[in-house]
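Contents: one structure, followed by commentary.
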Amino acid sequence: MTNVPTPQPSPPVATRPTVSASTAMPAMIKRILPAVATRGRLLALSAVGLAGILIGLAVRNGDQIDDFAATEFISAFGLTIFVPIVALVIASATLGTLREDRTLVYFWLRPIARWQIVLAAFIAGLMILVPLAGLVMAVLAATVGDGSDVAGAIVATLVGVVAYGAMFTFLGLITKRALAWGLVYILIWEGFIGGLSRFAGRLSIRSYTTSALSRIADDPSLLTNPETTPVIIVITAALTIGFLAAATVYMNAMEVD
Amino acid sequence: MTAQAVVVADRISKWFGDVVAVSEVSFALGPGVTALLGPNGAGKSTTLRMIAGLAPTSQGSITVLGNNPRSDAGIRGRIGLVSQEEELFAEQRALEFVALAALLCGVANPEAAARSALGVVEMDPDDQRPISTYSKGMRQRVKVAQAIVHRPDLLLLDEPLTGLDPRQRLAMTTLIQQLGAQGMCVIVSSHVLDEVERLGSNVLVIAQGRLAAQGNFHDIRALMDNRPHRIRVRTDKARALASDLLTYGGVNGITVVDETELLVDTHQVTLFRKRIAPTARYSGAQLFEVHPLDDDLESVFKYLVGR
Numbered sequence: 024m025t026n027v028p029t030p031q032p033s034p035p036v037a038t039r040p041t042v043s044a045s046t047a048m049p050a051m052i053k054r055i056l057p058a059v060a061t062r063g064r065l066l067a068l069s070a071v072g073l074a075g076i077l078i079g080l081a082v083r084n085g086d087q088i089d090d091f092a093a094t095e096f097i098s099a100f101g102l103t104i105f106v107p108i109v110a111l112v113i114a115s116a117t118l119g120t121l122r123e124d125r126t127l128v129y130f131w132l133r134p135i136a137r138w139q140i141v142l143a144a145f146i147a148g149l150m151i152l153v154p155l156a157g158l159v160m161a162v163l164a165a166t167v168g169d170g171s172d173v174a175g176a177i178v179a180t181l182v183g184v185v186a187y188g189a190m191f192t193f194l195g196l197i198t199k200r201a202l203a204w205g206l207v208y209i210l211i212w213e214g215f216i217g218g219l220s221r222f223a224g225r226l227s228i229r230s231y232t233t234s235a236l237s238r239i240a241d242d243p244s245l246l247t248n249p250e251t252t253p254v255i256i257v258i259t260a261a262l263t264i265g266f267l268a269a270a271t272v273y274m275n276a277m278e279v280d
Numbered sequence: 005m006t007a008q009a010v011v012v013a014d015r016i017s018k019w020f021g022d023v024v025a026v027s028e029v030s031f032a033l034g035p036g037v038t039a040l041l042g043p044n045g046a047g048k049s050t051t052l053r054m055i056a057g058l059a060p061t062s063q064g065s066i067t068v069l070g071n072n073p074r075s076d077a078g079i080r081g082r083i084g085l086v087s088q089e090e091e092l093f094a095e096q097r098a099l100e101f102v103a104l105a106a107l108l109c110g111v112a113n114p115e116a117a118a119r120s121a122l123g124v125v126e127m128d129p130d131d132q133r134p135i136s137t138y139s140k141g142m143r144q145r146v147k148v149a150q151a152i153v154h155r156p157d158l159l160l161l162d163e164p165l166t167g168l169d170p171r172q173r174l175a176m177t178t179l180i181q182q183l184g185a186q187g188m189c190v191i192v193s194s195h196v197l198d199e200v201e202r203l204g205s206n207v208l209v210i211a212q213g214r215l216a217a218q219g220n221f222h223d224i225r226a227l228m229d230n231r232p233h234r235i236r237v238r239t240d241k242a243r244a245l246a247s248d249l250l251t252y253g254g255v256n257g258i259t260v261v262d263e264t265e266l267l268v269d270t271h272q273v274t275l276f277r278k279r280i281a282p283t284a285r286y287s288g289a290q291l292f293e294v295h296p297l298d299d300d301l302e303s304v305f306k307y308l309v310g311r
């Protein structure tokens, strides 16, 4: 019924060049940071960290604790609870918040490569996680242990926030229930299944963080992996790249609200 | 000379599980304003999202300037979108928000472009308030500013007049017409017929996920007027009036409900409207009510789909 002439299909035209990572990523990081680092989140996570430090102080003043006990406390509170929980809350919110409040489209519909969005979210998460978790863990280690404990705690924390950060950035993108699934991973897999077999243990990030702490603090009782610290760092890098690549693939295929 | 198509949809379909949102829709649209008209839930937003590349088609293909909008990052720099549902970065100022859009689109001077785009939609670029404090109409205009800040070739507007007051609606309608006149391909979705009439002459009517009609607005308007209508007439002499209407009133059939009410079926609603009063006078009948029972847009769409 139309009397409007039908336009002829256009041959492919030259598209506008994509925007470089050096231009787009700082702008995206600047936008993601305040959305993730909300006052409520930072206060709650800092309170958890402070609670750990206070418990550490109480333990140190209450008993004569030896080096091994100090390292075990750093591992039990810091690497088992604090670092994974902080990483879960922050990293899952980077892309998760954008997706939930339907603002991801403002990055997604721009002439920028998807990996830049994923990497920007990951870096924004690290910019919060490294100072927050690093500071709490360094103070905690200094409270209960010695210099080698502090060094071990800092390296283990860096290993943890990078690997957990990538994993939970991916999780925040693919599900709206990232916190619940993240807790299942931390509590069920790492806390229970990971201890049942050597293979399952190797699939848990905690085994690498505690091994890094164990080697640097020279406490063999926590050694769950035979890998040396450089190998642990390489494995962490591989895990990180794997999760970020998976997030990029998912973002390419996803339907954006 | 026929214009080159900016958007070509070739038998596109989209389904979510068992629900078919869009079914085998094809069209080719060139520069200018095209209205995507349809009732709520007809598949307009889904179609716009597929054109923008936000959602993949379940079947069929879409090209924008000959490229795949979903996989070609470069073509996304030529598309602007004002979605109905998306939120804004609430804590940013409007200038920051629009400048970010410009920067991510590779515009050389993002702040200058953002100031210009905000000026076009009659927003103050120096407003220091965060977007979260804005009214719905102001937010809508900021959304439009971020969609046009990079001068896209294709602008997709999903119900852009929602939330605007009458003066803002007029300004937005004028802006849309200007952008179309400047050679931009503008696709505007709406479920309000009167809005579409003001926006432009080219219309795609989508109903129940199908393309029900395509073409000039006035042709579609005539089609809507010339479809069968059912009208309720309340009078004091129903039988006498029914008899005379069958003779003079341009009607196809009449049901006498009782002594005071008739249901009239007609294909010539304009003629019927002209003749009902003189016919009632001729019959000596008083008219209490003449009420179309199926004049809402939903009925129109049902008719178009069922043809």
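Residue numbers (this note's numbering), protein chains in the order written: chain A, 24 to 280; chain B, 5 to 311.
C-beta atoms are modelled at their ideal positions from N, C-alpha and C, and glycine is treated no differently.
1. Distance check for residue 10 of chain B and residue 68 of chain B, CA to CA, integer angstroms please.
2. Please list, in chain order, all residues of the same chain as residue 274 of chain A whose beta carbon is under 7 Å from its beta carbon, the five residues on each side excluded.
3. If you drop the 5 nearest sequence neighbours on each side, which residues of the same chain put their C-beta closer than 7 Å to that of residue 120 of chain B?
4. On the three-state DSSP scale, how would you describe residue 155 of chain B?
5. Suppose the cutoff is 8 Å on Cβ atoms and the five residues either side in sequence are ignored; what does the same chain contact list for residue 209 of chain B look like?
6. Straight-line CA distance for residue 141 of chain B to residue 125 of chain B?
7. Chain A beta carbons: is any one of them nearer than 8 Å to that of residue 99 of chain B?
8. In terms of DSSP beta bridges, what is residue 293 of chain B paired with?
9. When you compare only the Cα positions, how much space is there between residue 18 of chain B and residue 24 of chain B?
10. Buried or exposed, going by whether 16 or more other CB atoms sit within 10 Å of the CB of residue 278 of chain A?
11. Cutting at 6 Å between CB atoms, please list the residues of its own chain near residue 63 of chain B, excluding the five before and the five after it.
12. Residue ranges of each alpha helix (DSSP H) run of no fewer than 4 residues wholly in the region 70-157 of chain B, ordered along the chain?
13. List, in order along the chain, the chain B residues whose C-beta lies closer than 8 Å to that of residue 129 of chain A?
14. Can you tell me whether residue 233 of chain B is helix, strand or coil according to DSSP?
15. Helix, strand or coil: which one does DSSP assign to residue 218 of chain B?
16. Name the chain B residues whose beta carbon is nearer than 8 Å to that of residue 126 of chain A?
17. In this structure, how does DSSP classify residue 61 of chain A when only helix, strand and coil are distinguished?
18. Under 8 Å between the Cβ atoms of residue 59 of chain A and residue 184 of chain A?
19. If you draw a straight line from the alpha carbon of residue 236 of chain A to that of residue 248 of chain A, how long is it in whole angstroms?
20. For residue 133 of chain A, does the count of other Cβ atoms within 10 angstroms reach 16, so buried, or fall short, so exposed?
21. Can you give the beta carbon distance from residue 47 of chain A to residue 146 of chain A, rounded, assuming they're within the 8 Å contact cut?
22. Is there at least one Cβ from chain A nearer than 8 Å to residue 81 of chain B's Cβ?
23. Taking 7 Å as the limit between beta carbons, can you name the residues of its chain near residue 199 of chain A, skipping five residues before and five after?
24. Please report the distance separating the alpha-carbon of residue 22 of chain B from that of residue 194 of chain B.
25. Does the count of Cβ pairs from the region 209-220 of chain A and the region 148-166 of chain A closer than 8 Å reach three?
26. For residue 26 of chain A, count neighbouring C-beta atoms within 10 Å of its own C-beta (all shown protein chains included) and say buried if the count is 16 or more, exposed if not.
27. Output the boundary residues of the beta strand (DSSP E) element that contains residue 192 of chain B.
28. Of all Cβ atoms in chain A, is any one closer than 8 Å to the Cβ of residue 77 of chain B?
29. Would you call the CB atoms of residue 36 of chain B and residue 204 of chain B closer than 8 Å?
30. Any beta-carbon of chain A closer than 8 Å to the one on residue 343 of chain B?
31. Determine, using beta carbons only, whether residue 233 of chain A and residue 117 of chain A come nearer to each other than 8 Å.
32. For the beta strand (DSSP E) containing residue 199 of chain A, list its first residue and its last residue.
33. If you drop the 5 nearest sequence neighbours on each side, which residues of the same chain put their C-beta closer than 7 Å to that of residue 202 of chain B?
34. Chain B beta carbons: is any one of them nearer than 8 Å to that of residue 24 of chain A?
35. Based on the DSSP secondary-structure assignment, which residues constitute the bridge partners of residue 20 of chain B?
36. So which of A:110, A:53, A:242, A:66 has the shortest CA-CA distance to residue 208 of chain A?
On the basis of the supplied data:
1. 6 Å
2. 137, 140, 141, 196
3. none
4. Residue state, collapsed to three classes: coil.
5. Residues of the same chain with a CB within less than 8 Å of the CB of residue 209 of chain B, apart from the 5 flanking positions on each side, are 41, 42, 215, 216, 217, 218, 224, 305, 308 in chain order.
6. 11 Å
7. Closer than 8 Å to the CB of residue 99 of chain B there is not a single CB belonging to chain A.
8. B:238
9. 6 Å
10. A residue is called buried once 16 or more other Cβ atoms fall within 10 Å of its Cβ, and residue 278 of chain A, having fewer, is exposed.
11. 17
12. Unbroken alpha helix (DSSP H) runs of no fewer than 4 residues, entirely contained in the region 70-157 of chain B, are found at 98-108, 114-124, 140-152, following chain order.
13. Taking a Cβ-Cβ threshold of 8 Å, the residues of chain B close to residue 129 of chain A are 90, 93, 104, 105, 108, 150, in chain order.
14. strand
15. strand
16. Going along chain B in sequence order, the residues near residue 126 of chain A (Cβ under 8 Å) are 90, 91, 92, 93.
17. coil
18. no
19. Near 11 Å, if we compare the C-alpha coordinates of residue 248 of chain A and residue 236 of chain A.
20. Around the beta carbon of residue 133 of chain A, 16 or more other beta carbons sit within 10 angstroms, so the residue counts as buried.
21. About 12 Å; that fails the 8 Å criterion.
22. yes
23. Answer for residue 199 of chain A: 123, listed in chain order.
24. 26 Å
25. Segments in contact, no.
26. Because residue 26 of chain A sits at a pLDDT of 47, beneath the cut-off of 50, its placement in the model cannot be relied upon, and the following sentence gives the value as read from the coordinates. Flag for residue 26 of chain A reads exposed.
27. It spans 189-194 - the beta strand (DSSP E) in which residue 192 of chain B sits, taken as one unbroken run.
28. yes
29. yes
30. Chain B is shown only over 5 to 311; residue 343 of chain B falls outside these bounds and no answer can be derived.
31. Contact flag unset, no.
32. Per DSSP, residue 199 of chain A belongs to no beta strand (DSSP E) and is neither H nor E.
33. 177
34. Residue confidence is low: residue 24 of chain A scores 48 on pLDDT, short of 50, so the model does not pin down where it sits. Its coordinate-derived value is still stated next. It does: the Cβ of residue 24 of chain A has a partner Cβ on chain B nearer than 8 Å.
35. B:23
36. When only C-alpha atoms are compared, the closest one is A:110.
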